[in-house]
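In the UniProt record's numbering, the protein residues as written are 1 to 138. Ideal Cβ placement from N, Cα and C applies to all residues, glycine included. For clarity, every value in this text was computed on a predicted model and none was experimentally measured.
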């Protein structure tokens, strides 16, 4: 698998969407309303995307590079991908992950209509359930 991005340094985010959640493994720590993803974590940005010859990527646009050289979806896609990777184990709800993704896109400067569109896409095509969602009775 060719990853589009790799973290050079750990990333920490504090959010009310993470309040009351506790989780820890090698690639994701959540506690005290904050999430940390360590350096070295790799992900593919906004999905779907495919690498083609010449180093180009085709698929969902990540947006134009910002002042830091990163697209506005860089950190939102990082957090969403990490939460999705461990969806069955992290005690967060699907609704909270979508809301967090949306809020991060807006904070990164993405227009409201575009952030709503991207959030609708992750709601429609992301994992159907997370560890914090109610489980249907067997």
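For residue 126 and residue 31, what's the separation of their Cα atoms in angstroms? Taking the chain shown and counting its residues from 1, the one referred to as residue 126 is at position 126. Taking the chain shown and counting its residues from 1, the one referred to as residue 31 is at position 31. Approximately 23 Å, taken between the alpha carbons.
N- and C-terminal bounds of the beta strand (DSSP E) containing residue 29: The sequence position of residue 29 within the chain shown is 29, counting from 1. Bounds of the beta strand (DSSP E) holding residue 29 are 29-31.
Delimiting residues of the alpha helix (DSSP H) encompassing residue 39: The residue given as residue 39 occupies position 39 in the chain shown. Note, residue 39: premise wrong, no alpha helix (DSSP H); not H, not E.
Leaving out five residues before and five after residue 93 in sequence, what residues of the same chain have Cβ atoms less than 8 Å from its Cβ? As a first step, residue 93 is located in the chain shown; it is residue number 93 there, counting from the start. Excluding residues within five positions, the ones whose Cβ falls inside 8 Å are 130, 132 and 133.
What is the rounded straight-line gap between the Cα of residue 7 and the Cα of residue 74? To locate residue 7, count along the chain shown from 1; it is residue 7. To locate residue 74, count along the chain shown from 1; it is residue 74. Here the alpha carbons of residue 74 and residue 7 stand approximately 10 Å from one another.
Residues near residue 4 by beta carbon distance below 6 Å, same chain, minus five either side: Residue numbering aside, residue 4 sits at position 4 when the chain shown is read from its first letter. 44 and 45.
Is residue 74 a contact residue of the ligand HEM, with contact defined as CB to any heavy atom under 7 Å? Because no ligand of any kind appears in the structure shown, any question about the ligand HEM cannot be addressed here.
Closer than 7 Å by C-beta to residue 98: which residues in its own chain qualify, once you throw out the five before and the five after it? Chain order, please. Residue 98 sits at position 98 when you count from the first residue of the chain shown. Close CB contacts of residue 98 within its chain, under the 7 Å cut and outside five residues either way in sequence, are with 119, 122 and 123 (chain order).
Cβ contact check for the segment 106-113 and the segment 20-27: 3 or more pairs under 8 Å: No, because fewer than three Cβ pairs between the segment 106-113 and the segment 20-27 fall closer than 8 Å, the two stretches do not touch.
Mind pulling the beta strand (DSSP E) runs of 3 or more residues that sit fully within the segment 43-129? Every unbroken stretch of the beta strand (DSSP E) spanning 3 or more residues and falling wholly within the segment 43-129 is given here in chain order: 49-52 and 56-59.
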